[in-house]
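*Asks:* Structure incoming, see below.
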Amino acid sequence: MRVGELSRRSGVSVASIKYYLREGLLPPGERTSPNQASYDEGHVHRLRMVRALIDVGGLTVAATRSVLAAVDDPEVPLHEALGRASATTPAPGGGGGDADDEAHADAQRALADLVAQRGWRVGPRNPAWDTAVEVLATYTRLGDDDLARQLELYAEAMEGVARREVAAVVDRGDRARTVEGAVVGTVLGDTLLAALRRLAQEHCSAQLLERAEGRAQG
0 MRVGELSRRS GVSVASIKYY LREGLLPPGE RTSPNQASYD EGHVHRLRMV
50 RALIDVGGLT VAATRSVLAA VDDPEVPLHE ALGRASATTP APGGGGGDAD
100 DEAHADAQRA LADLVAQRGW RVGPRNPAWD TAVEVLATYT RLGDDDLARQ
150 LELYAEAMEG VARREVAAVV DRGDRARTVE GAVVGTVLGD TLLAALRRLA
200 QEHCSAQLLE RAEGRAQG
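Read in order, the letters of the sequence shown are residues 0 to 217 in numbering that gives the first Met the number 0.
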């Protein structure tokens, strides 16, 4: 198919397709003339994946290029591909405190203790580590430790989710589909988990408030 049909099939503008080609997010089509190329269903799928990572997952073009490189390279192990997806975790923007202050040190210890207690095979080089530490430290600086008290609960829930997610993609058998599922699932899963949490919070809030109102009226 020509680029115009590729645009119609994928829902991506021709200008964006050309941009993704220049940025290496979309592999080039088969050259049919000096100014023309032919594309196939693989290009349609890749464009949908690119838009999913950028529009839904919130990745930058550079981060998208990195995770797609893991999908494309048959030599990249699954664990490394997952690491690249994890590396797209946004760096903390700073919580208005000093990285060397007591709150930051306490957060580092709390996270390190949690990881050790659960036997997790992770380390401080994972960008998500810095994000978690900064969130905990920021909460402490605000005079609240609710998140720290919930840390074990969050870890228990997320370990269960992660175990099922990884098992699901490993069971696919095909290497390319496994890596793609791991990478895309990690990025989009972050967005989905946040959305489901907010829905659950609305539900639980309504339940608790109804009970409180019922007790007050009774």
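Idealized CB from N, CA, C, for every residue including glycine. Only a predicted model underlies this, so the values are computations on that prediction, with no experimental measurement involved.
1) Any idea if tyrosine 153 is buried or exposed, counting beta-carbon neighbours within 10 angstroms, 16 or more meaning buried?
2) What residue range does the alpha helix (DSSP H) around arginine 30 cover?
3) Do alanine 62 and proline 126 come within 8 Å of each other at the CB atom, strictly closer than that value?
4) With a cut-off of 8 Å on the beta carbons, I'd call valine 182 and valine 70 a contact; round off their distance for me.
5) Secondary structure at glutamine 35, three-state DSSP: helix, strand or coil?
6) Expressed to the nearest angstrom, what Euclidean distance is found between the alpha-carbon atoms of serine 15 and aspartate 100?
7) Would you report the Cα separation of proline 76 and glycine 180, rounded to the nearest angstrom?
8) Please classify arginine 1: does DSSP put it in a helix, a strand, or coil?
9) Taking the alpha-carbon of valine 162 as reference, which of Arg174, Thr139, Trp119, Arg196 has the nearest alpha-carbon?
10) Report yes if the C-beta distance between leucine 5 and valine 43 is below 8 Å; otherwise report no.
11) Once you ignore the five residues that flank threonine 31 on each side, which residues in its own chain have a CB closer than 7 Å to its CB?
12) Is valine 11 buried or exposed, if buried means 16 or more other CB atoms sit within 10 Å of its CB?
*Replies:* Here's the rundown:
1) exposed
2) Element bounds for arginine 30: not the alpha helix (DSSP H) but the beta strand (DSSP E), 29 to 32.
3) For proline 126 and alanine 62, no; Cβs fall outside 8 Å.
4) 6 Å
5) strand
6) Their backbone Cα atoms lie some 45 Å apart in a straight line.
7) Between proline 76 and glycine 180, the C-alpha separation is close to 13 Å.
8) In the structure shown, arginine 1 sits in coil (DSSP, three-state: anything other than H, G, I, E or B).
9) Correcting the residue type first, residue 162 is arginine in the shown sequence and not valine. For the residues Arg174, Thr139, Trp119, Arg196, the minimum Cα distance to arginine 162 belongs to Trp119.
10) The answer is yes: Cβ separation under 8 Å.
11) So the qualifying residues of the chain are Ser37.
12) It is buried - the Cβ of valine 11 has at least 16 other Cβ atoms within 10 Å.
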